[in-house]
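Visitor: As given, the protein sequences belong to chains A and B, one line each in that order. Just so we're aligned, residue -6 is where the first sequence starts under the working numbering, counting upward by one. Just so we're aligned, residue -6 is where the second sequence starts under the working numbering, counting upward by one.
Protein chains: 2
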Amino acid sequence: MIKIAVDAMGGDNAPYEIVKGAVEAVNERKDITVCLTGQEDVIKRELDKHTYNKEQIEIVNASEVIETGEPPVNAIRKKKDSSIVVGMNMVKKGEADGFVSAGSSGAVLVGGQVLVGRIKGVERPPLAPLIPTEKGVSLLIDCGANVDARPSHLVQFAQMGSIYMEHVVGIRNPRVAIVNIGAEEEKGNTLVKETFPLLKACPGINFIGSIEAREIPHGGADVIVCEAFVGNVILKLYEGVGATMLSMVKKGLMTSLRSKIGALLIKPALKETMKSFDASQYGGAPLLGLKGLVVKTHGNSTATEVKNSIIQCISFKEQAINEKISECLAVKENINHQAE
Amino acid sequence: MIKIAVDAMGGDNAPYEIVKGAVEAVNERKDITVCLTGQEDVIKRELDKHTYNKEQIEIVNASEVIETGEPPVNAIRKKKDSSIVVGMNMVKKGEADGFVSAGSSGAVLVGGQVLVGRIKGVERPPLAPLIPTEKGVSLLIDCGANVDARPSHLVQFAQMGSIYMEHVVGIRNPRVAIVNIGAEEEKGNTLVKETFPLLKACPGINFIGSIEAREIPHGGADVIVCEAFVGNVILKLYEGVGATMLSMVKKGLMTSLRSKIGALLIKPALKETMKSFDASQYGGAPLLGLKGLVVKTHGNSTATEVKNSIIQCISFKEQAINEKISECLAVKENINHQAE
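1) Less than 8 Å between the beta carbons of B:Ala296 and B:Gly4, yes or no?
2) Leaving aside the five residues before and after B:Ser252 along the sequence, list all residues of the same chain whose C-beta is less than 6 Å from its C-beta, in chain order.
3) Measure the CB-CB distance between A:Ser249 and B:Ala262 and report whether it falls below 8 Å.
4) Check whether the Cβ of B:Ile314 lies closer than 8 Å to any Cβ atom in chain A.
5) Out of A:Ile227, A:Val66 and A:Val101, which has the shortest C-alpha to C-alpha gap to A:Ile134?
6) Using the Cα positions of A:Val16 and A:Ile303, report the straight-line distance between them to the nearest angstrom.
7) Please name the residue in B:Ile69, B:Asn46 and B:Ser76 whose C-alpha comes closest to that of B:Ile36.
8) On the CB-based measure, 16 or more other CB atoms within 10 Å of its CB, does A:Pro118 come out buried or exposed?
9) In chain A, what lies closer than 8 Å to B:Ile209 by C-beta?
10) With 16 other CB atoms within 10 Å as the buried threshold, where does A:Asn173 fall?
11) Cutting at 7 Å between CB atoms, please list the residues of its own chain near B:Glu79, excluding the five before and the five after it.
12) I'd like to confirm the pairing. Which residues does DSSP put opposite A:Lys(-4) in its beta bridges?
13) Please name the residue, chosen from B:Thr290, B:Ala323 and B:Leu322, that lies closest to B:Ala1 on a Cα-to-Cα basis.
14) Report yes or no: do three or more beta-carbon pairs, one from the stretch 141 to 151 of chain B and one from the stretch 210 to 227 of chain B, lie closer than 8 Å?
15) Using the C-alpha atoms, what's the distance from B:Leu102 back to B:Glu333?
16) Extract the residue ranges of the beta strand (DSSP E) inside the stretch 14 to 74 of chain B, only unbroken runs of 3 or more that lie entirely within it.
17) Determine the extent of the alpha helix (DSSP H) in which A:Ile254 is found, giving its start and end residues.
18) Which residues of chain A have a Cβ atom closer than 7 Å to the Cβ of B:Glu265, listed in chain order?
19) Taking only beta-carbon atoms, is A:Val101 less than 8 Å away from chain B?
20) What are the boundary residues of the alpha helix (DSSP H) that A:Thr237 is part of?
21) Output, in sequence order along the chain, the residues in the stretch 113 to 128 of chain B whose CB is closer than 7 Å to any CB in chain A.
22) DSSP state of A:Lys300, grouped into three classes?
23) So B:Ala262 contacts chain A; which residues on that side make the cut at Cβ distance below 7 Å?
24) I'd like the span of the beta strand (DSSP E) that includes B:Thr183, first residue to last.
25) Which residue marks the beginning of the beta strand (DSSP E) containing A:Pro279, and which one marks its end?
26) Can you check DSSP and say which residues form a bridge with A:Ala351?
27) Against A:Thr183, what residues of chain C qualify as contacts under a CB-to-CB distance less than 7 Å, listed in chain order?
28) Measuring CA to CA, which of B:Leu280, B:Phe270, B:Met238 and B:Ile204 is closest to A:His211?
29) Using a C-beta cutoff of 8 Å, does A:Gly96 count as contacting chain B?
30) Taking the beta strand (DSSP E) that A:Val130 belongs to, which residues open and close that run?
31) Measuring straight from C-alpha to C-alpha, what distance separates A:Lys186 and B:Leu120?
32) Three-state secondary structure (DSSP) at B:Asn6?
33) So, does the CB of A:Glu205 fall closer than 8 Å to a CB anywhere in chain B?
34) Compare the C-beta of A:Glu333 with all C-beta atoms of chain B and state if any pair is closer than 8 Å.
35) For A:Phe309 versus A:Leu286, is the C-beta spacing smaller than 8 Å?
36) Just confirm the distance between the C-beta atoms of A:Ile59 and A:Ala100, as a whole number of angstroms; I'd bet it's less than 8 Å.
Laid out in structure tokens, this is it:
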């Protein structure tokens, strides 16, 4: 029986949408248990509104809530009875296989490293959201807190990202590329130039070379490797350009009677297209390389996204991703040792 | 009389659109001269198709052409009789006030530094394209070849960018922001953390703090300061997300009869909106900090963009931007000397 802990108090729509998502997950999968962490009475009241198998949902009381604005390190250290700390500790102790939170990004990143802990051999756990492309989705790795990364970190991101895309998302032999300012090997900043030959020589990944930012939305690679600062810029610009274009298109359509009538006719189709290109629709961003999966879902997640994030954790466990990451890094370590 | 050199051979639409753009520029401004550099007979044949004041356009013969794929340093060194090298040398010798090229970006960047040369005090000349936003345009500085920049470079970018936006684009007291992964001062990588207090202390600029990538398309600042790797990612992702969304919207509109009819009605309005959000529509990207303005226009520039780039050079000269940059950096140098 796979058990996933879920932060019932985090995010803009908590607890309502979070609890609803948990109920939808257990109604879809009879072989799992969800542990909702948070204020027991509040969660209970929400749960009473739904029909589900009572044995599949537990409440684990946590009296405190970490707010979005709080300094993460402090919050994790001091609010020991918060829904995030309680959930992460369950993963740490092996009482849960994964943890999903729509709460404070900072607290989830810090908590993942400090409480859940890294798999042996992992230098830095990357945050790796799935981003929409013309062809489906790509994994953008890293968008987390690892600024000023070293080449060896980026190589591990490529390895972990490949395992994730192959076994959780189901893309065979995923194409790995490094974000660069030109297609040629000699282009780039110091970090990229140093990382490029390491990726080329790395066994077990399908490295296709550099990717220019222009090609990312076209689906030019499945695993997009970059350091966190650049990843963060890519992720947020994706959102920003999308939102701005939508708002400008809407405004543009109100300029003439002809376009106003047209706008009414295209509304459903346009909505559908825009939705498929909204990064927040693809469930959660996994924080990889930890002893147990931690998934950060968007702050404004609805029940569907929470459910998808729970299902994501299940695939992760079923596919034994952590074991695969451990093996992969161990192979690499052996090669390094032999080379020394 | 202001004289602008124009590379008649560079870009996808050369020489036709370039020559046409030069003719449009002189027909609009009776007080300028344009020198077209390139193969004399080819240019002459194009010019013969147009009506214009013969005294306002000169041809300066240059027998060679630098192709887009050529390694820039080599090309600049070896092709001494190319349209780019000849044009840049005119600026260097003071025979022209500015130079416009739609040719090889690499060659323009290298040529600008090697041939035209930097203004005294400028550490690195940044390439600063105007990018479209919801509110108008912002200057993205730097998108050039200065990877692995130092904090002092970024401070100069902020100063030069402010002068450009105020005096060429006409934005009073332009808001300067540094690209960051969060709004707080303590966020960011080493470069940003070191640059932030320097920008805060820098006299003569209107520094408003950090800008997250999400806010760039909304027009959150007028001068967007970043190092070239990040700037390149922003510029190209802008293009990529825009192009992908447009193609997905088009595809989406073909899914039902209703939306197909709607699509016909909105076509003109949609085209207009998309055009206003196309980064390539805003003429050229100036390479700042050189002894004379060098403007790189998009490779697929049409006559209108070439004309706009020429006009850009004229404002630059009329507003004595280089003198303003020199003064501004000299003031800063004095402050530094006093502090020592």
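Ideal Cβ positions, reconstructed from N, Cα and C, are used throughout, including at glycine. These numbers come from a predicted model, not from an experiment.
Guide: If we stick to the structure as given:
1) Taking the second sequence and counting its residues from 1, the one referred to as residue 296 of chain B is at position 303. Taking the second sequence and counting its residues from 1, the one referred to as residue 4 of chain B is at position 11. Going by C-beta atoms, B:Ala296 is not nearer than 8 Å to B:Gly4.
2) Indexing the second sequence from 1 puts residue 252 of chain B at position 259. So the qualifying residues of the chain are Leu246.
3) Here residue 249 of chain A refers to the residue found at position 256 of the first sequence. Here residue 262 of chain B refers to the residue found at position 269 of the second sequence. In this structure, B:Ala262 lies closer than 8 Å to A:Ser249 by Cβ.
4) Sequence index remark: in the second sequence, residue 314 of chain B carries index 321 (1-based). Interface with chain A (8 Å Cβ-Cβ cutoff): B:Ile314 is excluded.
5) Taking the first sequence and counting its residues from 1, one reaches residue 134 of chain A at position 141. For the residues A:Ile227, A:Val66 and A:Val101, the minimum Cα distance to A:Ile134 belongs to A:Ile227.
6) Taking the first residue of the first sequence as 1, we reach residue 16 of chain A at position 23. Taking the first residue of the first sequence as 1, we reach residue 303 of chain A at position 310. Between the C-alpha atoms of A:Val16 and A:Ile303 there is a straight-line separation of about 11 Å.
7) Numbered from 1 along the second sequence, position 43 holds the residue referred to as residue 36 of chain B. Residue B:Ser76 is the option with its Cα nearest to B:Ile36.
8) The count along the first sequence starts at 1 and reaches residue 118 of chain A at position 125. Buried: at least 16 other Cβ atoms inside 10 Å.
9) Within the second sequence, numbered from 1, the residue matching residue 209 of chain B stands at position 216. Within 8 Å Cβ-Cβ: Leu230 and Gly233.
10) What you label residue 173 of chain A is simply residue 180 of the first sequence in a count that begins at 1. Buried: at least 16 other Cβ atoms inside 10 Å.
11) Stepping through the second sequence from its first residue, residue 79 of chain B is reached at position 86. The sequence shown places Val at residue 79 of chain B, not Glu. If we look at B:Val79 and ignore the five residues flanking it on each side, its Cβ neighbours are Thr30, Val53 and Ala55.
12) For the purposes of this step, residue -4 of chain A is identified with residue 3 of the first sequence, where counting begins at 1. Answer is A:Thr26.
13) Numbered from its first residue, the second sequence carries residue 1 of chain B at position 8. Among B:Thr290, B:Ala323 and B:Leu322, the Cα nearest to that of B:Ala1 belongs to B:Thr290.
14) Taking 8 Å as the limit for Cβ pairs, the verdict is that the stretch 210 to 227 of chain B does touch the stretch 141 to 151 of chain B.
15) Here the question's residue 333 of chain B lines up with position 340 in the second sequence. Here the question's residue 102 of chain B lines up with position 109 in the second sequence. Here the model assigns B:Glu333 a pLDDT of 48, short of 50, so the residue's position is not dependable and the matter cannot be decided.
16) List check, beta strand (DSSP E) in window: 25 to 31 and 50 to 54.
17) Counting from 1 along the first sequence, the entry for residue 254 of chain A is found at position 261. Per DSSP, A:Ile254 belongs to the alpha helix (DSSP H) from Leu250 to Ser269.
18) Indexing the second sequence from 1 puts residue 265 of chain B at position 272. Gly245, listed in chain order.
19) As a position in the first sequence, residue 101 of chain A is number 108, starting the count at 1. Judged by the 8 Å Cβ criterion, A:Val101 is not in contact with chain B.
20) In the first sequence, counting from the first residue as 1, residue 237 of chain A sits at position 244. Element bounds for A:Thr237: Ala221 to Leu246.
21) Listed by position, the residues of the stretch 113 to 128 of chain B near chain A (Cβ gap below 7 Å) are Glu127.
22) Along the first sequence, one-based indexing puts residue 300 of chain A at 307. Here A:Lys300 sits in helix by DSSP.
23) Walking along the second sequence from the start, residue 262 of chain B turns up at place 269. Simply Gly245, Leu246, Thr248, Ser249 and Ser252.
24) Counting from one through the second sequence, the residue named residue 183 of chain B turns up at place 190. Note, B:Thr183: premise wrong, no beta strand (DSSP E); alpha helix (DSSP H) at Thr183 to Ala194.
25) Locating residue 279 of chain A in the first sequence gives position 286, counting from the first residue. Ala278 to Leu280 is the span of the beta strand (DSSP E), which, as asked, contains A:Pro279.
26) With chain A running from -6 to 333 in the structure shown, residue 351 of chain A is simply not present.
27) Structure shown: chain C not included; protein chains present are A and B.
28) Numbered from its first residue, the first sequence carries residue 211 of chain A at position 218. Nearest C-alpha to A:His211 among B:Leu280, B:Phe270, B:Met238 and B:Ile204: B:Met238.
29) If you number the first sequence from 1, residue 96 of chain A lands on position 103. Chain B places no beta carbon closer than 8 Å to that of A:Gly96, leaving this residue out of the contacts.
30) Mapped onto the first sequence, residue 130 of chain A falls at position 137. If you look at A:Val130, you'll find it in the beta strand (DSSP E) that goes Gly129 to Ile134.
31) Here residue 186 of chain A refers to the residue found at position 193 of the first sequence. Here residue 120 of chain B refers to the residue found at position 127 of the second sequence. Cα to Cα, the separation comes out at about 22 Å.
32) For the purposes of this step, residue 6 of chain B is taken as the residue at position 13 of the second sequence. If DSSP states are grouped into helix, strand and coil, B:Asn6 belongs with coil.
33) Translated into positions along the first sequence, residue 205 of chain A becomes position 212. Chain B contact via Cβ: present.
34) Translated into positions along the first sequence, residue 333 of chain A becomes position 340. Any reading at A:Glu333 must be qualified, since the residue scores a pLDDT of 48, below 50, and its modelled position is unreliable; the value itself is stated next. Among the CB atoms of chain B, none fall inside 8 Å of the CB of A:Glu333.
35) Here residue 309 of chain A is taken as the residue at index 316 of the first sequence, counted from 1. Here residue 286 of chain A is taken as the residue at index 293 of the first sequence, counted from 1. A contact, by the Cβ cut-off of 8 Å.
36) Within the first sequence, numbered from 1, the residue matching residue 59 of chain A stands at position 66. Within the first sequence, numbered from 1, the residue matching residue 100 of chain A stands at position 107. Contact flag correct, Cβ pair sits at about 5 Å.
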